[in-house]
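Accompanying notes for the structure given below.
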Amino acid sequence: MAEADRAPLGFIRLRSVLAAEGWLGTPLRILLALLGMALVRSSHQGALPGGAARGILLYLGFALLFAALLASRHIALAGTPSEASQGRGAAWGARLRGLWGSGLGHGLLVGASLVDVTFISMLVLYSGGPLSDAYLLYLLLLIGLIPLYPATRGVALVAAACGPAYAIALWMVAGGPFFVFDPPFVSRYLVLLAAALGSLGLGWLFAQRETKLRRLEAALSPQQSAGMSSQALQKAVSDLGRRVQQLRTLQEGIKAINAAMALEDLLARIVDNASQVVHDACCSLALYDEDEGAVVVRAVSGSAGGAPEPGHAPGMRAARWVVQNGKPLRIDGLRGTPAQRARAEGAASLISVPLIADGRTIGALTASSTEENAFSDEDLEILDAFADQAVIAVKTARFYQSVQERRSELEAMLRGIGDAVLATDARLRLTALNPVAAQIFAMRRDVVAGQHLSEIVDNRDLEALFAETLAGGQPSIVREIALPSGGERGTRFYQALASPVLGEGNEVRGVVVVLRDVTRQKELERAKSEFLSVVSHELKTPLHSIRGFVDIILMGKTGPVTEMQRDFLGTVRQQAMILQGMINDLLEYSRLEAGQIRLRVEPVLVGQIVRGVIERLRPLAEEGNLELINLVPLDFPPIEADPTRLEQVISNLCFNAIKFTPSGSVTVRVADLGAEVQLSVTDTGIGIPADQLERIFDRFYQVDSSATRSYRGAGLGLTICKHIVEYHGGRIWVESEEGKGSTFHFVLPKEQPQPEALTVDFSAPARRK
């Protein structure tokens, strides 16, 4: 007991708080765990998710562990070492008492409160997110922190952590930051922020009251009771009553922040309350206007004599100085320096404190009086508390305004986009959509965020696109989707671009899909294909006639032919053959695009097909002094493929290699990859620029360089190869370096998944591996 008498009052208060935690905190935490389990089960139809169950068990374990630690504290602090217990045990007990008497108790209080915040956040996560009633538990925790503030100032960290913890829990539920635009979240977050600030304010006032009570207790102690005068006692009681008034005024300010969203109303209420508490002084609040670059008075109050006009508020010079220097100012107008008297602007006494938000001074709160020495250090502290309220009011109003502006901008952007936009979270619950999407899917006007995608969109292809994007693995997915259209419009086609919304650690938090109507483009493509097919067919007949008559003339059946005529006629015949090849490519592509060609799958000997292609193209290669090298053995195991289409692919690749190789060689190789076969055609020709490799397989695309202008064609050969390979279930790519040649690789499966004939349909996008 003697040790307790000699201990600091702060330590005695901490011991009382820890003792209360020992017999009251553990039952309350168990009650909180049971209440949380009930909330989670009610939101899951009586079921308790595994994650929530583990969290509740861990929290109960923590509560028991914390109770055990407090029991050891009681034993350590209550034990008095006797002479018989001297030695290691006594020394260890003394060290333990010293440890509890230092910072361990403060750390345990703060740590336990942070664990409570974490547990409540878990309950919010598992009990419905933004609509969860577990949100109210934060408010109960903040109320419970008020009596702890006089014991340890560390609980301020706990109060500050409630808001971010709530936002993080909602982020995990929503799968993204979309919930910050919901008015229910904004209002709840502002209430939670105001409650946290109110908890801190009340705690601070309780601490001040504790200080006064300790002073009063010291004044009433036997050692000082003889010298204590009744005047000092009356002053202490008066100060205590004044603190109670300050507490009530601060509470009114917190209620005003919660009740009003208009900044001017909030600032006016804060200034009026400050005037009442600080000796009915004339108070003014000024904010720095970044647009005007000046300090502007936003609220003014005063005594019963009347408040001055905002444009002529006293202390404006002092407010400007405080904003510029970021430090509080206290002036006695009669005894101050000439510069200070000038800043006081005729007031006998003046105090001014800065409004600091995020490390930046945004304004000043000033109180002035016509009486000398009207303000004390305590008045400066209480004015600083009102300044903190003003900062909260300004930040809250500006945050709310910025959220509203950002939301309006996003809504305007979504309304102005001609494409349909839909966004969901990781659970495929709708988070955003624009009017175009609502029109396409004939959505009702009562569709709100949070509804599941399947309740709004009845299209399996679109739902599969959302699910595939959520599975991850690709930065974006482009797919064509057909959607039924009401009336006589029939089916319309949309190009869908699906992109994942990534969170921390690249975890997919949601999906955004943009739908662009490409029905008109598809109709134009179909008309173009039909036109090309018709024109190609119409050109074939005159070309056959031209070639026939040229052959007759060259055979001499129309009379003798001179060497010059033979040379000219040979050129005409050669160009007609080139034109015939281009027309054949156009007809082939038209048939492929119309789905008129079917793959006839059968066992194929790759070696025989390659040898036939090489022998057929060898005369053309010899004309250019090129060497054709066949490294594909004749006994290579057969694969399942369409022999005609496989020969067409190999022939096109070899013909291109010969055409774009001025000198050197063209080599054909094969490799057994187990379930697949890889064929490669390598040349030593002009190569392909790196910036054109990605487009080399696009239809009608040709490499644009001076070295290739003499090799122009229809630009469909590689496109046809690509689609034939991909509809065999394979893939094709190219490796090239400009000036050093190219290698075209394509891989085919040895066995086709379907034994029936495969239709090559170019009206749909090719499959990509």
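Numbering (our numbering), first residue to last: 401 to 1169. Even glycine gets a Cβ: it sits at the ideal position worked out from N, Cα and C.
According to DSSP, residues forming a beta bridge with residue i
{"i": "Ser1142", "result": "Ser1136"}
{"i": "Gln1078", "result": "Ala1071, Val1147"}
{"i": "Cys682", "result": "Ser768"}
{"i": "His1123", "result": "Bridge partners of His1123: none, in fact."}
{"i": "Ser1065", "result": "Glu1027"}
{"i": "Tyr688", "result": "Val695"}
{"i": "Ile1058", "result": "The partner list for Ile1058 (beta bridge, DSSP) is empty, contrary to what the question assumes."}
{"i": "Thr891", "result": "Pro884"}
{"i": "Glu1002", "result": "Ala1041"}
{"i": "Val878", "result": "Leu897"}
{"i": "Leu902", "result": "Val908"}
{"i": "Val700", "result": "Ser684"}
Where residue i falls: helix, strand or coil (DSSP)
{"i": "His1128", "result": "coil"}
{"i": "Gln445", "result": "coil"}
{"i": "Leu915", "result": "strand"}
{"i": "Asn1025", "result": "coil"}
{"i": "Val950", "result": "helix"}
{"i": "Ala896", "result": "strand"}
{"i": "Asp1091", "result": "helix"}
{"i": "Gly603", "result": "helix"}
{"i": "Ser1105", "result": "Note that Ser1105 has pLDDT 47, beneath the 50 cutoff, so the model's placement of it is unreliable and no number is given."}
{"i": "Asp516", "result": "helix"}
{"i": "Val555", "result": "helix"}
{"i": "Ile1039", "result": "strand"}
{"i": "Asp1098", "result": "coil"}
{"i": "Ile731", "result": "strand"}
{"i": "Leu883", "result": "strand"}
{"i": "Ile543", "result": "helix"}
{"i": "Ile1086", "result": "coil"}
{"i": "Glu907", "result": "coil"}
{"i": "Leu1118", "result": "helix"}
{"i": "Leu833", "result": "strand"}
{"i": "Leu1034", "result": "coil"}
{"i": "Val961", "result": "coil"}
{"i": "Val857", "result": "coil"}
Below-8 Å beta-carbon distance, residue i vs any chain C residue
{"i": "Ala447", "result": "Among the chains of the structure shown, chain C does not appear; only one protein chain is present."}
Classification of residue i by the beta-carbon crowding that lies within 10 angstroms, buried from 16 upward
{"i": "Thr971", "result": "exposed"}
{"i": "Arg1000", "result": "exposed"}
{"i": "Met522", "result": "buried"}
{"i": "Ile1124", "result": "buried"}
{"i": "Gln445", "result": "exposed"}
{"i": "Pro1153", "result": "exposed"}
{"i": "Phe1146", "result": "buried"}
{"i": "Ala438", "result": "exposed"}
{"i": "Ala1071", "result": "exposed"}
{"i": "Thr1119", "result": "buried"}
{"i": "Glu949", "result": "Note that residue 949 is Phe in the sequence shown, not Glu. Label assigned to Phe949: exposed."}
{"i": "Gln486", "result": "For Gln486, the predicted model reports a pLDDT of 49, less than 50, meaning its position is unreliable and no value from the coordinates is stated."}
{"i": "Gly603", "result": "buried"}
{"i": "Ser443", "result": "buried"}
{"i": "Gln608", "result": "buried"}
{"i": "Leu447", "result": "First, the residue type needs correcting, since residue 447 is Ala and not Leu in the sequence shown. Exposed is the call here."}
Counting beta carbon pairs with one atom in the region 787-807 and one in the region 898-907, are three or more of them shorter than 8 Å? no
Runs of alpha helix (DSSP H) wholly within the region 744-830 (minimum 4 residues, chain order): 777-816
With a threshold of 8 Å, are at least 3 pairs of Cβ atoms found where one atom belongs to the region 812-821 and the other to the region 686-702? no
When the Cβ atoms of the region 541-550 are set against those of the region 593-600, are three or more pairs found closer than 8 Å? yes
Evaluate contact between the region 1055-1068 and the region 1127-1140, counting only Cβ atoms and requiring at least three cross-stretch pairs below 8 Å. no
Please confirm if the region 957-967 is in contact with the region 1080-1089, defined as three or more CB-CB distances below 8 Å between the two stretches. no
Touch check for the region 777-794 and the region 865-875: three-plus C-beta pairs under 8 Å? no
Counting Cβ pairs closer than 8 Å, one from the region 820-827 and one from the region 872-881, do we hit at least three? no
The region 1012-1022 touching the region 1049-1059, judged by at least three CB pairs closer than 8 Å: yes
Taking three-plus beta-carbon pairs below 8 Å as touching, is the region 674-683 in contact with the region 762-782? yes
Touching or not, the region 555-564 and the region 457-470, by the rule of three or more beta carbon pairs under 8 Å? no
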